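Numbering (UniProt numbering), first residue to last: 1 to 626.
Just so it is clear, CB atoms sit at the ideal spot from N, CA and C, and this is done for glycine as well.
All values derive from a computational prediction rather than experimental measurement.
First up is the structure itself, then whatever we jot down about it.
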């Protein structure tokens with residue numbers, strides 16, 4: 001009982017430390033596991049026993065016999081399903097070919113290169129060498145995400161690394177399964193054919209079961225055949241059921257099945273998707289916390305001493321500094337990525353949960369069966385995992401700055417609220433080269449934004465998870481456009497330090513609009529239009545127009561035309577280089593208005609020049625009459 005409680009407590013403590021230090025949680029988790037496992041047995045325990053013993057002589061311990069293997073398999077299935085839920089096909093429209101090559105060409109470079117290196121450096125058998133190389137193909141979202149979260153990168157670079165990390169997990173697992181089948185089959189010269197048949201069964205049953213049950217679960221959820229309070233646990237039971245069912249038909253196909261299931265659900269329009277994702281994220285955190293401590297604690301000191309030599313450093317250097325760059329540059333050849341972006345992607349390649357989990361699973365099985373050199377698999381893979389995570393977590397930010405992929409100024413715009421007016425403004429900004437993200441808790445608004453090709457997140461503004469979203473790492477402006485003034489003010493106060501470094505703005509409230517003494521500080525546009533005015537104008541004239549301005553006086557005359565009488569709401573200023581400016585940032589600068597600037601406004605497409613002349617003539621007549 002004490003050991004079980006201790007694992008959970010230490011796991012959550014490690015997660016907190018990782019959050020505080022802004023590092024992947026896998027690092028403190030493995031270190032804690034090594035501390036309470038082999039290090040405690042060797043140096044801290046009086047009787048030479050581990051403080052936490054997952055398996056002891058295959059019979060005793062927390063998970064005696066085969067039970068540790070079963071727990072690891074089920075835990076990894078839930079983690080991979082959660083990773084699949086986060087996949088969005090639309091996100092890779094600019095870098096899809098690069099990601100495809102990274103998970104194929106890049107994987108082949110690592111697979112063959114690392115196998116050759118392991119064979120000639122550690123003199124492992126070719127079977128064990130290829131098993132090792134298959135396991136270190138994967139990077140993994142659990143280690144990539146915390147690193148990217150703290151680095152404002154160009155969107156394409158961030159998308160490449162994140163999608164590679166998620167997609168390559170099941171691919172690496174499948175390759176490892178294939179090699180494992182090669183090793184396990186004792187059919188003489190026919191083993192190759194047998195292994196390929198097994199691999200074909202894995203792909204067939206894994207993809208089929210994952211696709212079919214994803215649609216089935218989505219149908220059941222959308223038809224509300226399950227009560228809301230059972231939704232999350234029913235989805236969990238479905239994931240475990242699909243994993244076991246697929247594995248029954250084709251051994252090890254469950255991993256592929258749950259990833260496909262997650263991908264299909266993640267790209268559906270289910271209104272409950274975000275709720276499922278939150279639940280799976282929380283569950284994955286708990287499982288990862290328990291899993292890594294168990295796997296690290298299960299390693300013995302004699303296993304670590306096998307790799308405590310210079311050969312390990314040489315193998316690590318080849319994998320990280322030679323094979324990874326070769327794979328990346330081959331995969332990105334003739335792509336839209338710049339040289340410095342390729343260098344950064346080459347540098348960031350931390351290995352994660354699937355590598356460590358399956359390494360332990362297969363390594364223990366093969367060692368138990370007496371396969372030569374199997375004892376090297378788990379410590380070598382853990383060395384790669386620890387080394388790459390430590391290297392990337394501590395240096396990725398500085399390398400990003402050094403090679404020039406670090407965003408010096410975050411020009412992305414976060415729009416709070418995805419109403420029709422917000423979508424119209426967001427679409428205009430996106431068409432003019434600004435990265436825009438809309439957030440709203442109304443799924444209907446989110447769906448309409450997605451139909452326009454806009455990046456939209458269905459979330460609650462009060463949710464803590466908003467700050468962890470990678471899609472917002474280049475955001476430097478906040479514009480709160482909801483009809484609730486309290487939400488607008490909360491968004492400004494809560495996130496202006498994180499997402500509003502270049503400006504945080506909101507709609508003026510009706511009370512402020514009618515207060516002649518009010519001096520706007522955060523109000524957007526020209527402080528004459530509240531949510532009602534913005535909504536009404538958008539409803540009647542849903543279009544954004546541009547008009548050239550000549551000087552400050554001309555600009556002021558145009559601004560005077562705004563209001564309900566002319567159905568015009570000035571939004572932004574566009575300079576001669578087509579860069580957009582928030583009006584409140586610039587409307588008092590006389591030198592800002594030079595020839596070629598434009599006023600961007602929402603509303604009726606009037607002949608503004610004609611109206612302005614009529615208004616000027618009318619004003620002159622009034623003065624003459626006076």
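DSSP three-state assignment for residue 176, whether helix, strand or coil: helix
Check whether the Cβ atoms of residue 147 and residue 393 sit closer than 8 Å, and answer yes or no. yes
On the criterion of 16 or more Cβ atoms from any shown chain inside 10 Å, does residue 163 qualify as buried, or is it exposed? buried
Backbone CA spacing between residue 197 and residue 69 [nearest angstrom]: 24 Å
Residue 424 and residue 542: beta carbons closer than 8 Å? yes
Kindly confirm or deny that the segment 196-211 and the segment 250-258 touch, where touching means at least three C-beta pairs closer than 8 Å. yes
Secondary structure of residue 18, DSSP reduced to three states: helix
Verify whether the separation of the beta carbon atoms of residue 635 and residue 477 is less than 8 Å. Since the first and last residues shown for the chain are 1 and 626, residue 635 lies out of range.
So what does DSSP say about residue 506, is it helix, strand or coil? strand
Using the Cβ count rule (16 or more neighbours within 10 Å means buried), how would you classify residue 488? buried
Cβ-Cβ distance between residue 363 and residue 384 below 8 Å: no
Which two residues bound the contiguous beta strand (DSSP E) that contains residue 546? 544-548
Limits of the alpha helix (DSSP H) - the one that residue 455 falls within: From DSSP, residue 455 is part of no alpha helix (DSSP H) but of the beta strand (DSSP E) over 455-458.
Would you call the segment 409-421 in contact with the segment 332-344, where contact means no fewer than 3 C-beta pairs closer than 8 Å? no
Applying the criterion that 16 or more other CB atoms from any shown protein chain within 10 Å of the CB defines a buried residue, is residue 227 buried or exposed? exposed
Is it a yes or a no for the segment 103-115 touching the segment 320-329, going by three-plus beta-carbon pairs under 8 Å? yes
Answer with buried or exposed for residue 188, where buried requires no fewer than 16 other C-beta atoms within 10 angstroms of its C-beta. Bear in mind that a pLDDT of 44 at residue 188, under 50, signals an unreliable position, so the model cannot answer this.
Taking the Cβ atom as the reference point for each residue, do residue 578 and residue 432 lie within a distance shorter than 8 Å? yes
Could you tell me the alpha carbon to alpha carbon distance between residue 422 and residue 574, rounded to whole angstroms? 19 Å
May I have the straight-line CA-CA distance separating residue 370 from residue 129, to the nearest angstrom? 16 Å
Proximal residues to residue 347 (C-beta, below 6 Å), its chain only, five neighbours per side dropped: 399
Is the segment 299-315 touching the segment 336-344, taking contact as three or more C-beta pairs under 8 Å? no
Could you have a look at residue 574 and say whether DSSP puts it in helix, strand or coil? strand
What's the C-alpha gap between residue 43 and residue 292? 21 Å
To the nearest whole angstrom, what separates the beta carbons of residue 407 and residue 303, a pair I think is in contact under 8 Å? With 8 Å as the limit, residue 407 and residue 303 do not qualify as a contact, their Cβ atoms being about 43 Å apart.
In chain order, what residues of the same chain have a beta carbon less than 8 Å from the beta carbon of residue 249, not counting five sequence neighbours either side? 201, 205, 209
Which runs of the alpha helix (DSSP H) fall wholly inside the segment 353-394 and span at least 4 residues, in chain order? 353-368
Whole-angstrom Cβ separation of residue 110 and residue 350, contact assumed at under 8 Å? The Cβ separation is near 13 Å, so there is no contact.
Within its chain, find whatever has a CB closer than 8 Å to the CB of residue 265; leave out the 5 residues flanking it on each side and keep chain order. 84, 85, 214, 217, 218, 273, 276
Separation of residue 414 from residue 502, as counted between CA atoms: 12 Å
Output the boundary residues of the beta strand (DSSP E) element that contains residue 598. 598-603
What span of residues does the alpha helix (DSSP H) with residue 428 cover, start to end? 420-431
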